[in-house]
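>
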Amino acid sequence: MGHVINRSLLHLRRLTINLVTYPEGHRVMRHNDPMGNGSYYKLNVVLIKPEEGGVFETDRVIFSIFNRIILFRPDLYDHSVSTIMRGKRVLLSIALHAPWGSTAQG
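Mapping the sequence shown onto the working numbering, position 31 (from 1) lands on 31, and the numbers just tick up by one.
(1) Assign Q105 to one of two classes, buried (16 or more other C-beta atoms within 10 Å of its C-beta) or exposed (fewer than that).
(2) Going by beta carbon distance, what residues of the same chain come within less than 6 Å of S8, once the five residues before and after it are set aside?
(3) Could you tell me the alpha carbon to alpha carbon distance between G38 and L76, rounded to whole angstroms?
(4) Out of S93, D33 and E24, point me to the one whose CA is closest to G2's CA.
(5) Measuring CA to CA, which of S80, A95, I94 and G87 is closest to N32?
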């Protein structure tokens, strides 16, 4: 199994953009990303989908288009990626940590 390649394209205080390559055999365990205060949003655009496996799962999304363009709250909801059985998964990940709002959802 190879290593995850996480290339930072933009890193500002509240906005980051990364190009992330997940190799065959990799998986992301179920977790969430607590931020403390404010609201955390992530827009993932899957540029290369694995031939088998590598399926993103989360408890709730704001929207998902063909499970390739996904906007969700990683601070509120657990998420994971199943084991990539064949191929690789490449995504453009845009993260926004907004100072407004709270981590509690009504």
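The C-beta atom is built at its ideal place from N, Cα and C for all residues, glycine as well.
Because the structure is a prediction, the values reported are computed rather than measured.
Quick look at the numbers:
(1) Caution applies to Q105, whose pLDDT of 48 falls short of 50 and renders its modelled position unreliable; the value that the coordinates give is listed next. Taking a 10 Å sphere around the C-beta of Q105, we find fewer than 16 other C-beta atoms and assign the residue as exposed.
(2) Within the same chain, Cβ atoms closer than 6 Å to the Cβ of S8 are found at N18, the five residues on either side in sequence being excluded.
(3) When rounded, the distance between both Cα atoms is 11 Å.
(4) From the listed residues S93, D33 and E24, the smallest Cα separation to G2 is found for E24.
(5) N32 has its Cα closest to that of S80, out of S80, A95, I94 and G87.
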